[in-house]
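What follows is a short report on a single structure.
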Amino acid sequence: MKQLIGIVSLLALAACGGNSGGTQPSAPDSSSAVAKAPDASTGTASGAEHTGHPGYGIMLQNDCKTCHTPDAPSTGPSFAMIAARYDSTKTGTVENLAKKVIAGGKGNWGQVPMTPHPSLSQQDAETLVRYILSYKQ
C-alpha cells in the first residue's frame, strides 16, 4: 500500500512539474491586436483597434474602455456606432464632440451618463474624437 501511495505521489508530482521538458510555450497570436494601415480611399483604418492613431494612447490613459469597445455596444456605444452617427467632415463635429467628452452628459445614447473628463485639454479631446471617428466604415 505504501508503495502504491508513493508511485501515485510521484506521478502526480511529475504531472504538476510544469514546463521542465525544455519546450517553450507558444507566443499568443498578436495578429488580431495589430491595427491595419489606413485605407487610402477612405482615410479610415481597419482592424480591431487602431493602435497607430495618436488618439489611441489618449484613450488608453483615460477610462474610455470602461464603457466603450471598438465594435460592440457595452455600457456606452461602441466607437464604430459613434463614428457611424457623426460626420467628421462637417464643420464643428470634432470640436463639439470633444467638448462633450470633457464635460460629460447624457441623453444622446440613452440615460446612462457619459463621465466627464475635465483633465483632458481640448486638443487631446479632439485627437481622441478623431481616433473614435476613425472607426467609420
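Using the numbering used here, read the sequence shown as starting at 15 and increasing by one per residue. For each residue, glycine too, the CB sits at the ideal point set by N, CA and C.
Selection from the options that minimises the alpha carbon distance to residue i
i	options	result
residue 77	144, 136, 121 and 116	116
residue 151	88, 132, 95 and 71	95
Close Cβ partners of residue i (< 8 Å) along its chain, the five nearest in sequence each way excluded
i	result
residue 92	82, 83, 84, 85, 86 and 149
residue 90	81, 82, 123, 126 and 128
Same chain, Cβ closer than 6 Å to residue i, five either side skipped, listed in chain order
i	result
residue 118	128, 129 and 130
residue 31	Because the pLDDT of residue 31 is 39, which lies under 50, any placement of that residue in the model is unreliable, and the number read from its coordinates should be weighed accordingly. Contacts found: none.
residue 134	116
residue 139	112, 115 and 116
Straight-line Cα distance separating residue j from residue i
i	j	result
residue 42	residue 105	Since pLDDT at residue 42 reaches only 38, below the 50 mark, its modelled position is unreliable, and no value is offered.
residue 75	residue 109	20 Å
residue 102	residue 141	12 Å
residue 69	residue 113	15 Å
residue 73	residue 100	19 Å
residue 143	residue 120	17 Å
residue 146	residue 137	14 Å
residue 88	residue 71	21 Å
Contact set for residue i: own chain, Cβ-Cβ below 7 Å, skip 5 residues either direction
i	result
residue 107	100 and 101
Distance cut-off 6 Å: residue i Cβ against heavy atoms of the ligand PLP
i	result
residue 75	With respect to the ligand PLP, the structure offers nothing, as it holds no ligand at all.
Fill in: beta strand (DSSP E) runs wholly inside the segment 47-131, at least 3 long, in chain order
119-121 and 124-128
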